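**Student:** End of the sequence shown = 1916 in this note's numbering, gap-free, step of one.
Ideal placement from N, C-alpha and C gives every residue a C-beta, glycine not left out.
Predicted model, so just to flag it, every value in this text is computed and none were measured.
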Amino acid sequence: MCDTMAIMPSWSQDGLSYFAKNSDRSPNEPLLTLRIPAMDHEQGSALRCTYIEIPQVAHTREIIVCRPSWMWGAEMGVNDARVAIGNEAVFTKAKRGEPALTGMDLLRLALERSDSAEAAVEIIIDLLQKHGQGGNCGFDKEFYYDNSFLISDPSSGYVLETAAKNYAVTAIVDRYAISNRLGIRTEHVEAEGVPPGGDFTRRFSEPVQSFFSQAKQRKCQVMDRLKPSSGARGLTEVLRTHAPGFDGHEFTRASVGSVCMHAGGMIGDQTTGSMVVTLRPDKPITLWMTGSSTPCVSAFKPLFWASDSPPLFNDPPPSLEYWLKREHLHRAIISGKVDVAALRKRIKKLESSWFDQEAQILDADHPREDELVAFSRYASQEEQALIDEFSVDSWRELDSKSRYAKYWQKKNEALGLERTL
């Protein structure tokens, strides 16, 4: 389960392009925030993805991604050509095939190989046609689905929805949000599997899982809150949105219907990581990333392409450690051992300062890279001090005997025993 959104420069108040996503996955499934460098590859070499091998290309771009700890592919990311992509699980009537490329594989491959949003769309379609999609994408359970993608760059955006090897593409005019259900009907500019003008959603949508995912409710929450003035700061608040009536209960019951998703029941996952990107065409882009779960109690830290500070890492082990440290704090909140109101107040104060500093630095005609790097380091240090202050050792034990408490007690016992790639 996830929610992904974009605002186009023609609609945004400041004329910039924005991308944002919450990645919703199993509560114990770490989401690693990694920089993967550009690389040259030998002609004829093979690339091992999550389940299958495919031919490698001669050159792959530098990318920053959020990757489930056990997968090759990624849930969301951006490349050095300023292309940002997020994917969503969608439930279709297409026949399930053998393990092939996962949606996360397709996302990472497109980031590594594209120089524009339009090129990324065509790369995913080409890979889909050649290799197909499929395979278990569940961390601690079997979970199979097809995928949709929201793809943005500084000047354009597209939505690509798939059902097996069938697909539909639509261009984003002003703003758009996708969730865990098909949504492209007859407005596609390119499609496979339906005739010209055919209804892609009606043809391929599986109604039961699509309904119980509560994707329609979450998409409405997002679209109601996207404004021309949203900017990166506004998008962080969209990613923190809870379903009506859920505020104040987010650590006592689950909510699959919230954009900021909270686990704790039979259905639904947890937001394991969040990302907002300002895609400037002629100045450095800014990534606001949590590197942790549950954005309503996490800080969005500023990162830039040259940043060398957490939550961005070059290797999985320190990223895993970073994520787990913050997940321990989240579990302590659930167990009632942390003053969540005080934590949120401190996070808001830090973020307000960071947004103001970022705006001041990027207002210059030629922002200095060393100043951006120093700023992101300082913000990272401030957030780490906050985490250290609020962390407690007794995060595992819950006093309640409720079904919700039993769910989290079981999750706590298994946390840290992850599969990793």
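Can you name the residues that DSSP bridges to Pro1806?
**Tutor:** The count along the sequence shown starts at 1 and reaches residue 1806 at position 311. DSSP lists no partner for Pro1806.
**Student:** Considering only the beta carbon of each residue, do Leu1807 and Arg1530 sit closer than 8 Å?
**Tutor:** Here the question's residue 1807 lines up with position 312 in the sequence shown. Here the question's residue 1530 lines up with position 35 in the sequence shown. Contact: yes.
**Student:** Under the assumption that Pro1563 contacts Arg1520 (Cβ atoms under 8 Å), give the Cβ distance between them as a whole number of angstroms.
**Tutor:** Translated into positions along the sequence shown, residue 1563 becomes position 68. Translated into positions along the sequence shown, residue 1520 becomes position 25. Taking the Cβ atoms as the reference, Pro1563 lies roughly 6 Å from Arg1520, within the contact range of under 8 Å.
**Student:** Tell me which residues share the same chain as Ser1651 and place their Cβ nearer than 6 Å to its Cβ, disregarding the 5 neighbours each side in the sequence.
**Tutor:** Within the sequence shown, residue 1651 is the residue found at index 156, counting from 1. Ala1612.
**Student:** So, helix, strand or coil for Arg1591, using DSSP?
**Tutor:** For the purposes of this step, residue 1591 is taken as the residue at position 96 of the sequence shown. Three-state DSSP puts Arg1591 in coil, outside helix and strand.
**Student:** Please name the residue or residues paired with Pro1776 in a DSSP beta bridge.
**Tutor:** As a first step, residue 1776 must be located in the sequence shown, where it is residue number 281. Bridge partners of Pro1776: none, in fact.
**Student:** Put Ala1816 into one of helix, strand or coil per three-state DSSP.
**Tutor:** Within the sequence shown, the letter at position 321 stands for residue 1816. The sequence shown places Glu at residue 1816, rather than the Ala named in the question. Three-state DSSP puts Glu1816 in a helix.
**Student:** Under the three-state reduction of DSSP, which class applies to Val1833: helix, strand or coil?
**Tutor:** Along the sequence shown, one-based indexing puts residue 1833 at 338. Looking at Val1833 - three-state DSSP - the assignment turns out to be coil, as it is neither helix nor strand.
**Student:** Under DSSP, the alpha helix (DSSP H) around Trp1903 begins and ends at which residues?
**Tutor:** Numbered from 1 along the sequence shown, position 408 holds the residue referred to as residue 1903. From DSSP, the alpha helix (DSSP H) with Trp1903 extends over Arg1898 to Ala1909.
**Student:** I need the straight-line Cα distance from Glu1583 to Arg1670, nearest angstrom please.
**Tutor:** Looking up residue 1583 in the sequence shown gives position 88. Looking up residue 1670 in the sequence shown gives position 175. When rounded, the distance between both Cα atoms is 17 Å.
**Student:** Under the rule that 16 or more other beta-carbon atoms within 10 Å means buried, what is Met1718, buried or exposed?
**Tutor:** The count along the sequence shown starts at 1 and reaches residue 1718 at position 223. The residue in question, Met1718, is exposed, as its Cβ has fewer than 16 Cβ neighbours within 10 Å.
**Student:** According to DSSP, which residues form a beta bridge with Ala1541?
**Tutor:** Taking the sequence shown and counting its residues from 1, the one referred to as residue 1541 is at position 46. Listed as beta-bridge partners of Ala1541 by DSSP are Pro1550.
**Student:** Using 8 Å as the cut-off, can you tell me whether the stretch 1879-1891 makes contact with the stretch 1827-1840, which would need three or more C-beta pairs spanning the two stretches below that distance?
**Tutor:** Yes, they touch.
**Student:** Do you know offhand how far Pro1522's Cα is from Asp1860's?
**Tutor:** Within the sequence shown, residue 1522 is the residue found at index 27, counting from 1. Within the sequence shown, residue 1860 is the residue found at index 365, counting from 1. Taking C-alpha positions only, Pro1522 is separated from Asp1860 by approximately 43 Å.
**Student:** Quick check on the DSSP output: the alpha helix (DSSP H) that includes Leu1529 runs from which residue to which?
**Tutor:** Here residue 1529 is taken as the residue at index 34 of the sequence shown, counted from 1. Here Leu1529 belongs to no alpha helix (DSSP H); instead the beta strand (DSSP E) covers Leu1526 to Ile1531.
**Student:** Give me the residue from Gly1743, Gln1876, Gln1879 and Glu1816 with the minimum Cα distance to Leu1912.
**Tutor:** Taking the first residue of the sequence shown as 1, we reach residue 1912 at position 417. Per the Cα distances, Glu1816.
**Student:** Is Gln1508 helix, strand or coil by DSSP?
**Tutor:** Walking along the sequence shown from the start, residue 1508 turns up at place 13. Coil.
**Student:** What is the C-beta distance between Ala1533 and Glu1557, in whole angstroms, given that I count them as a contact (C-beta under 8 Å)?
**Tutor:** Sequence index remark: in the sequence shown, residue 1533 carries index 38 (1-based). Sequence index remark: in the sequence shown, residue 1557 carries index 62 (1-based). Sure, about 4 Å apart at Cβ, within 8 Å.
**Student:** So, does the stretch 1724-1742 touch the stretch 1511-1520, judging by three or more C-beta pairs under 8 Å?
**Tutor:** Contact annotation: the stretch 1724-1742 touches the stretch 1511-1520, with at least three C-beta pairs closer than 8 Å.
**Student:** Give the straight-line distance between the Cα atoms of Ala1749 and Glu1656, rounded to the nearest whole angstrom.
**Tutor:** Mapped onto the sequence shown, residue 1749 falls at position 254. Mapped onto the sequence shown, residue 1656 falls at position 161. Cα to Cα, Ala1749 sits roughly 28 Å from Glu1656.
**Student:** Alpha carbon to alpha carbon, what distance is there between Val1754 and Thr1736?
**Tutor:** What you label residue 1736 is simply residue 241 of the sequence shown in a count that begins at 1. What you label residue 1754 is simply residue 259 of the sequence shown in a count that begins at 1. Cα-Cα distance, rounded: 5 Å.
**Student:** Indicate the three-state DSSP secondary structure (helix, strand or coil) for Trp1849 in the structure shown.
**Tutor:** For this step, residue 1849 is matched to residue 354 along the sequence shown. Correct three-state label for Trp1849: helix.
**Student:** Any heavy atom of the ligand SAH closer than 7 Å to the Cβ of Asp1669?
**Tutor:** This structure lacks the ligand SAH, and indeed carries no ligand of any kind.
**Student:** Less than 8 Å between the beta carbons of Glu1853 and Pro1779, yes or no?
**Tutor:** For this step, residue 1853 is matched to residue 358 along the sequence shown. For this step, residue 1779 is matched to residue 284 along the sequence shown. No, they are not a contact pair.
**Student:** Output needed for Glu1745: all residues of its chain with C-beta closer than 7 Å, excluding positions within five of it in sequence on either side, in chain order.
**Tutor:** For the purposes of this step, residue 1745 is identified with residue 250 of the sequence shown, where counting begins at 1. Contacts found: His1737, His1757 and Cys1791.
**Student:** Can you list, in chain order, the residues of its chain with a C-beta nearer than 7 Å to that of Val1585? Leave out the 5 residues immediately preceding and following it.
**Tutor:** Position 90 of the sequence shown, counted from the start, is the residue given in the question as residue 1585. Within the same chain, Val1585 has close Cβ partners Tyr1640, Asp1641, Asn1642, Ser1643, Glu1656, Asn1675, Arg1676 and Leu1677.
**Student:** At what residue ranges does the stretch 1640-1688 contain a whole run of the beta strand (DSSP E), taking only runs of 3 or more?
**Tutor:** Counting only runs of 3 or more, we get 1641-1647, 1652-1658, 1661-1666, 1670-1673 and 1685-1687.
**Student:** Ends of the beta strand (DSSP E) at Thr1747?
**Tutor:** For the purposes of this step, residue 1747 is taken as residue 252 along the sequence shown, with counting starting at 1. Neither: Thr1747 is in no beta strand (DSSP E) and is coded neither H nor E.
**Student:** Less than 8 Å between the beta carbons of Asn1661 and Gly1627, yes or no?
**Tutor:** Translated into the one-based positions of the sequence shown, residue 1661 becomes position 166. Translated into the one-based positions of the sequence shown, residue 1627 becomes position 132. For Asn1661 and Gly1627, no; Cβs fall outside 8 Å.
**Student:** My output table needs one value for Glu1822: the three-state DSSP class, helix, strand or coil.
**Tutor:** Your numbering for residue 1822 matches position 327 in the sequence shown. Three-state DSSP puts Glu1822 in a helix.
**Student:** Restricting to Cα atoms, I'd like to know which of Glu1637, Asp1635, Trp1783 and Ala1605 is closest to Leu1623.
**Tutor:** As a working note, residue 1623 is residue 128 in the sequence shown. Selected option, being the one with the closest Cα: Ala1605.
**Student:** Within its chain, find whatever has a CB closer than 6 Å to the CB of Asp1610; leave out the 5 residues flanking it on each side and keep chain order.
**Tutor:** Within the sequence shown, residue 1610 is the residue found at index 115, counting from 1. Contacts found: Ala1576.
**Student:** Any idea which residues DSSP pairs His1757 with across the strands?
**Tutor:** Counting from 1 along the sequence shown, the entry for residue 1757 is found at position 262. Per DSSP, Ser1750.
**Student:** Put Gln1624 into one of helix, strand or coil per three-state DSSP.
**Tutor:** Along the sequence shown, read from residue 1 onward, the residue named residue 1624 stands at position 129. Helix, per DSSP.
**Student:** Short check: CB of Ile1547 to CB of Ala1595, under 8 Å?
**Tutor:** For the purposes of this step, residue 1547 is taken as the residue at position 52 of the sequence shown. For the purposes of this step, residue 1595 is taken as the residue at position 100 of the sequence shown. Yes, the pair counts as a contact, with Cβ atoms nearer than the cut-off.
**Student:** Judging by CA-CA distance, which residue of Arg1720, Lys1832 and Pro1812 is the nearest neighbour of Arg1891?
**Tutor:** Taking the first residue of the sequence shown as position 1, residue 1891 is located at position 396. Looking at the Cα atoms, Lys1832 is the closest of the given residues.
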